[in-house]
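Heads up: the sequence shown is residues 1 to 639, going by UniProt numbering. Take a look at the structure set out below.
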Amino acid sequence: SLAEVFSCFICMERLRDARLCPHCSKLCCFVCICVSEQARLRIQDLVKCRWADDVTSQLDQLQNQPPNSARSASSGASTSSVGGAVGGSGGAGPDSGAVSGGATASDQCESHKEKLSVFCQSCQLSVCHKCALFDARHAQHKFEPLDSVYENHVRRVQERVDQLKRRNMELTAMIQEVEKNMESVKQAKDERVREIRNAVELMITRLDSQLKAKLVTLMTQRNHLVQETELLEALLNQVEYKVCMLSKSQLITKSAEILTLFNEIHRQPMGSFVSAPVPAEFQSEIVPQYDSSTFRMEQFSQLQQRADPVYSDPLLVSGLSWRLKVYPDGNGVVRGNYLSVFLELTAGLPETSKYEYRVEMVHQQSRDPTRNIVREFASDFDIGECWGYNRFFRLDLLSSEGYLDSDCLLLRFQVRPPTYQQKCRDLTWYVAQLESAQDQQLSTIAQLQERLALSARSVASSTAGGTAAAAAASTSVASSSQQQQQPLPPPYPPPSDLPRRPALNRYSAVSGAAAAAAAETPVSDDAAEAEVDDVDAGDHLHDDISEVLSSAAVAGSIDLAENDIDEEVNLCDNDVEATSRPALSAAMASASSVAVDGGDAAGDITSPSESPDLIGGGFVDSFVAMWPRPPVSTLTSAE
Numbered sequence: 001s002l003a004e005v006f007s008c009f010i011c012m013e014r015l016r017d018a019r020l021c022p023h024c025s026k027l028c029c030f031v032c033i034c035v036s037e038q039a040r041l042r043i044q045d046l047v048k049c050r051w052a053d054d055v056t057s058q059l060d061q062l063q064n065q066p067p068n069s070a071r072s073a074s075s076g077a078s079t080s081s082v083g084g085a086v087g088g089s090g091g092a093g094p095d096s097g098a099v100s101g102g103a104t105a106s107d108q109c110e111s112h113k114e115k116l117s118v119f120c121q122s123c124q125l126s127v128c129h130k131c132a133l134f135d136a137r138h139a140q141h142k143f144e145p146l147d148s149v150y151e152n153h154v155r156r157v158q159e160r161v162d163q164l165k166r167r168n169m170e171l172t173a174m175i176q177e178v179e180k181n182m183e184s185v186k187q188a189k190d191e192r193v194r195e196i197r198n199a200v201e202l203m204i205t206r207l208d209s210q211l212k213a214k215l216v217t218l219m220t221q222r223n224h225l226v227q228e229t230e231l232l233e234a235l236l237n238q239v240e241y242k243v244c245m246l247s248k249s250q251l252i253t254k255s256a257e258i259l260t261l262f263n264e265i266h267r268q269p270m271g272s273f274v275s276a277p278v279p280a281e282f283q284s285e286i287v288p289q290y291d292s293s294t295f296r297m298e299q300f301s302q303l304q305q306r307a308d309p310v311y312s313d314p315l316l317v318s319g320l321s322w323r324l325k326v327y328p329d330g331n332g333v334v335r336g337n338y339l340s341v342f343l344e345l346t347a348g349l350p351e352t353s354k355y356e357y358r359v360e361m362v363h364q365q366s367r368d369p370t371r372n373i374v375r376e377f378a379s380d381f382d383i384g385e386c387w388g389y390n391r392f393f394r395l396d397l398l399s400s401e402g403y404l405d406s407d408c409l410l411l412r413f414q415v416r417p418p419t420y421q422q423k424c425r426d427l428t429w430y431v432a433q434l435e436s437a438q439d440q441q442l443s444t445i446a447q448l449q450e451r452l453a454l455s456a457r458s459v460a461s462s463t464a465g466g467t468a469a470a471a472a473a474s475t476s477v478a479s480s481s482q483q484q485q486q487p488l489p490p491p492y493p494p495p496s497d498l499p500r501r502p503a504l505n506r507y508s509a510v511s512g513a514a515a516a517a518a519a520e521t522p523v524s525d526d527a528a529e530a531e532v533d534d535v536d537a538g539d540h541l542h543d544d545i546s547e548v549l550s551s552a553a554v555a556g557s558i559d560l561a562e563n564d565i566d567e568e569v570n571l572c573d574n575d576v577e578a579t580s581r582p583a584l585s586a587a588m589a590s591a592s593s594v595a596v597d598g599g600d601a602a603g604d605i606t607s608p609s610e611s612p613d614l615i616g617g618g619f620v621d622s623f624v625a626m627w628p629r630p631p632v633s634t635l636t637s638a639e
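Here's what the structure looks like:
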């Protein structure tokens with residue numbers, strides 16, 4: 001740059017009392033040349049550069065003054081180049097002279113060849129002072145000095161430049177933050193990988209220790225048996241040698257000893273050598289064990305003729321309900337040729353989850369586990385979705401291969417989540433479902449208890465009204481008898497002397513006379529309204545049960561799609577017989593019977609009009625000791 005040209009080549013700073021070296025033609029300070037000159041040089045040989053002081057002073061002024069002042073001092077006011085104004089803010093460079101020269105040529109008025117010094121606000125043009133004073137085109141216009149307008153424009157541009165710089169700095173900081181975040185994520189992943197590797201290494205170490213312990217036990221058993229066999233082999237060799245080498249008389253003499261030795265060996269029973277087998281199982285700390293169930297299909301030929309799907313009993317695991325769906329005669333395009341087996345998730349989490357499952361067909365003739373047909377896979381299950389195999393096994397080979405025995409087919413199915421983390425998630429969801437059901441039951445019990453208390457208060461008020469009416473009737477009869485000449489004894493004792501009815505147990509039966517007396521007892525309007533409310537509540541309860549049964553029926557009639565694992569593209573075969581499921585029909589029948597009988601295991605709550613034992617003088621005394629009624633079956637057996 002220009003500043004570097006006019007700097008001392010020794011101290012690399014601004015020239016002070018510049019001198020020109022006659023050997024290298026470089027500029028240097030007078031104080032610096034005396035110390036650093038290595039060649040033979042005399043002071044009087046140095047040439048004084050008088051013009052260098054003027055240049056350095058001008059450079060200092062250009063660096064210290066604002067950009068607009070620097071351009072005005074070098075080439076006058078200029079509005080043609082905003083980039084030159086912004087560039088001048090950082091100091092003058094070697095290109096400043098060229099920019100200033102161009103700005104001077106363009107800052108002249110074309111008409112008067114004068115310097116542009118005025119800015120017309122009306123026309124938004126830069127003009128000279130003659131145009132502003134004498135040109136008719138600018139009459140009645142507003143003018144401002146060009147320098148002030150230029151400074152305002154430069155200030156606004158500089159403000160925007162500063163904003164862009166700040167924005168750039170913020171974006172750069174954000175980029176750095178994202179990069180730091182990326183590094184932290186990578187480090188966290190590497191940390192988890194190290195933890196997993198350490199945990200796996202520890203698990204492998206524990207498995208190795210378990211293997212060693214089992215092998216030590218087996219080696220001990222093996223050594224004991226080997227020692228016994230070696231002893232027997234040595235004895236056999238000895239006896240054979242004696243039989244071959246001894247004479248007849250010697251053998252007869254030794255035979256008693258040999259037989260005694262044989263008897264000593266046979267005293268130890270063979271059962272003492274039999275040891276419990278060591279289980280060839282190792283508990284995994286990563287993958288949970290399978291939960292299994294067995295599906296025994298009796299009368300397989302009859303089920304095959306029906307061509308309907310057969311369902312196993314549900315397997316409940318961590319709140320999830322699984323069942324096996326079998327087509328004895330095949331499903332879809334393989335009907336009549338292959339046995340089709342599917343695993344269905346009937347209840348579980350609302351979100352899709354992956355589970356590992358295994359379907360095994362037992363070889364019943366040999367009971368050899370190695371001959372069982374095992375199909376194992378992992379699939380993503382939704383509620384009501386089936387995954388399995390359309391071509392599980394050929395139907396014509398079931399009997400000949402030994403899998404169908406006495407018209408009975410035996411299937412085992414196993415299922416498990418792939419990790420303990422997912423198993424814990426399923427258990428957490430199941431606990432939340434149980435807690436929600438418990439809260440609903442407690443809320444229902446509280447509502448029923450509140451209804452029972454309201455019914456009790458209405459019956460108590462109606463009983464008090466009947467007692468007051470009876471007392472008024474007795475008073476009127478007594479007053480009329482006093483007016484007669486011959487007083488007669490009252491036909492009934494006074495109300496205060498009436499015998500009090502004993503407190504009735506709500507479990508005891510009410511006689512027909514007591515029921516008739518209760519029916520004749522006047523009931524207040526409040527009690528009648530309470531009875532109507534109870535009847536309405538019972539109707540609503542019946543409606544709710546009907547809605548539940550109807551929703552269950554609709555849910556049972558939904559067709560579910562079976563996904564065939566053997567196919568490259570999953571087949572969606574609609575199950576047209578899904579509405580005739582025996583399990584759902586039995587559940588609906590049992591629910592309907594409960595609704596008709598009017599009682600359940602939790603207790604039978606009836607309205608006051610249907611409970612004659614709640615009416616009577618002893619109700620208030622016995623109400624404190626009341627508890628929920630037992631089921632109807634218990635009451636019937638007690639009676």
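The beta carbon of each residue, even a glycine, is placed where N, CA and C say it ideally should be.
- About 12 angstroms separates the beta carbon of Pro418 from that of Asp426, a gap too long to meet the 8 angstroms contact definition.
- With respect to Phe6, Leu59 sits close: the two C-beta atoms are nearer than 8 angstroms.
- Note on geometry: alpha-carbon atoms of Asp382 and Ile445 lie some 34 angstroms from one another.
- In this structure, DSSP gives Lys248 a helical state, which the three-state scheme calls helix.
- Taking a cut-off of 8 angstroms on C-beta distances, the region 313-325 touches the region 341-360, as three or more cross pairs fall below it.
- Judged by their CB atoms, His138 and Cys131 are nearer to each other than the 8 angstroms cut-off.
- Within the same chain, Pro288, Pro417 come within 6 angstroms of Lys423 by CB-CB distance, once the 5 residues on both sides are set aside.
- Going by beta carbons, Val239 and Ile252 fall outside the 8 angstroms limit.
- Fully contained in the region 260-305 are the following beta strand (DSSP E) runs of length 3 or more, in chain order: 291-298.
- When the alpha-carbon of Ser126 is set against those of Ala136, Glu110, Gln140, the nearest one is in Glu110.
- Note: Trp429 is not bridge-paired with any residue in the DSSP secondary-structure output.
- Cβ-Cβ separation between Leu20 and Thr56: approximately 14 angstroms, too far for a contact (criterion under 8 angstroms).
- Exclusion of the five residues before and after Leu411 leaves Phe295, Met361 as the residues of its chain whose Cβ lies within less than 6 angstroms of its Cβ.
- A residue is called buried when at least 16 other Cβ atoms come within 10 angstroms of its Cβ; Gln414 meets this threshold and is buried.
- For Ile196, the secondary structure class from DSSP, reduced to helix, strand or coil, is helix.
- In the DSSP assignment, Gln158 is bridged to no other residue.
- In the structure shown, Asp405 adopts extended strand secondary structure according to DSSP, grouped into three states.
- It is roughly 22 angstroms from the alpha-carbon of Leu146 to the alpha-carbon of Gln61.
- Counting C-beta pairs closer than 8 angstroms gives three or more between the region 359-376 and the region 392-403, which meets the contact rule.
- Gly332 sits in a helix when the DSSP states are folded into three classes.
- Judged by DSSP secondary structure, Ala139 falls outside any alpha helix (DSSP H); it is assigned neither H nor E.
- Of the residues assessed, Asn223 falls on the exposed side of the cut-off, its CB having fewer than 16 other CB atoms within 10 angstroms.
- With fewer than three CB-CB distances shorter than 8 angstroms, the region 370-381 does not count as touching the region 323-337.
- A distance of 8 angstroms or more separates the beta carbons of Ile10 and Cys24.
- Around the C-beta of Ile33, 16 or more other C-beta atoms lie within 10 Å, and the residue is accordingly described as buried.
- By the Cβ neighbour-count rule, Asn563 is buried, with 16 or more other Cβ atoms within 10 Å of its own.
- Assignment of Ser436 by DSSP, reduced to helix, strand and coil, places it in the helix class.
- Ser443 sits exposed, since fewer than 16 C-beta atoms from the chains shown fall within 10 Å of its C-beta.
- For Lys115, there is no enclosing beta strand (DSSP E), as DSSP gives it neither H nor E.
- Taking C-beta separations shorter than 6 angstroms and ignoring five residues to either side along the sequence, the partners of Tyr327 in its chain run Pro309, Ser340, following chain order.
- In terms of Cβ geometry, Met203 and Glu281 do not form a close pair [threshold 8 angstroms].
- A straight-line Cα-Cα distance of about 23 angstroms links Val333 and Ser379.
- Among the bridge pairs identified by DSSP, Phe119 is matched with Ser126, Glu144.
- Leu398 sits in coil when the DSSP states are folded into three classes, being neither helix nor strand.
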